[in-house]
Each structure stands twice: as C-alpha cells, then as structure tokens.
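This report refers to the structure that appears directly beneath it.
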Amino acid sequence: MAEQDVGTARLVQQHTGQVVGQLQREYLPAAGRTRPTSAASATMAALRGADPARLGDDPGVWALVWTDLDPRLQGRTDGPSDAEQAICAGLVLYAIHQQGRLTPMDLRGVSLGAAAGRLARREGADGGLDPAVVRRFTAVALARTSSQRLYHLRVFIKLLRSYDIGLDHALLAADLFRMARPERATRVRTGWARDLYSRPGEADDGSAPADGAPPANDSSENGAA
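Position 26, counted from 1, in the sequence shown is what full-length UniProt numbering calls 26; the numbers after and before it change by one each time, with no gaps.
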C-alpha cells in the first residue's frame, strides 16, 4: 500500500477508536450508573439501523462521523468517501456487538481474524477450528462488494456477541477502508487468515478496552495494510 493510504487508514482507525471509546464509556456501567446513558442508548439504536453506503440519509449518525473528522478523510463527491463509509461501518458493527452486553465488546488489538479464531476454537473439537465458523468468516473475507461484506459482518458480529468475544472495531474500520480497493484487500485477508490460525497466546490477548489510540500491533505497521 502506498504511504498515503497507510496514513489514511491510520486516521480512519484513530477517528473510529475515539468515537467508539466514548460510546463504550457512556454505554457500560460506571460509578453511580448501572445502565447506559439515554444519549448512548439512542445513538447505538441509530447506528444499528444505519447504512454506511447511504450515510447522507442517516442524520442520527452524522455527528459521529463528521465531528472533528480530518479533512483528508472527507469525500469530494456527492457520495461518502471510502474512509467515511469505513468509519460508519465500524461504528455500526460496534453498536451491534455491544447491544445488551455490560462487558466491553471493543477490545484493543483484537483483529477480526483473531476473534474468529477464538470462536472457532471454542466451537471446534480437540483444539481445532470449527468448520461452520470458518465458513461464516470466509464469507466475510471473500465478499465481492462492501454491501455484501457488511451483511456478512452483521451476522458474524452477532455470533461473536452471543459468545462475549470482543474485537477492535477501530482496527476493523481501517481494514474495511483498505478492502475498498482490490489491490489492498488481499493484504487484509492475508492478515486475517494468519490471525485466524494463530494459536492462543501467540498474539496480544486484547484484554484492554480500546481508548481510541491505534494498538501496538496495528496491521498498517506489519504489512497487513
């Protein structure tokens, strides 16, 4: 990937991480509060119904995407840019993932491939990967269009949620930005596949909630951009 694209992916990751981090803080229990704030609940509901490809039709999420958005990520045409769509997709998927959960579903450094590997091992026999989980994950990775990929991701994220398996939604947004171009998608799929088949303990355990900063093992730094 060109240096400019690497920088853009990092900006997508940073912006998404900041927004998700704030949403997660307002949604999860905190001192003196056992339920999400009313604003967080309303925002998460708006996100779950949003369509990144039709971002202009979803006023409930405009502020999340465009407040303090780096000008380099803003579109120059009537439709949303790849970066704007990826940010929105990351937020939509976080809202789906966190729904009804009082533990953080946004975890730093856990790629989609790593989360899929954890689920596949949990369902698999004798420490192997469950074939049904791998097939669902492959449907995400090999989707031909962004809309198809988001459809499969919605299904897969709900499956992760049912097992309380979190992931880094800012990193996922950056990966979705990269996958908008065919020449970058192969690198993302390669990184996901490596993480899927890595044995537990070989990578960061992702136990820390995301705070908006890119994790140390950001895929844009290790060749999986």
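All C-beta atoms in this analysis are idealised placements derived from N, C-alpha and C, irrespective of residue type, glycine included.
| Check | Outcome |
| --- | --- |
| First and last residue of the uninterrupted alpha helix (DSSP H) at residue 85 | 82 to 98 |
| Euclidean distance between Cα positions of residue 28 and residue 100 | 10 Å |
| Beta-bridge pairing of residue 33 - partner residues as DSSP gives them | 30 |
| Residue 103 versus residue 75 - alpha carbon distance | 35 Å |
| Extent of the continuous alpha helix (DSSP H) to which residue 148 belongs | 146 to 162 |
| CA-to-CA distance, residue 158 to residue 45, given in whole angstroms | 15 Å |
| Reduced DSSP category for residue 167 - H, G, I as helix; E, B as strand; rest coil | strand |
| Cβ-based neighbour list, residue 134, same chain, cut-off 8 Å, excluding 5 preceding and 5 following | 116, 120 and 196 |
| Nearest candidate by alpha-carbon position, reference residue 15, set 169, 156 and 182 | 169 |
| Under the three-state DSSP convention, the category residue 70 falls into | coil |
| Residue 113 beta carbon less than 8 Å from that of residue 191 | yes |
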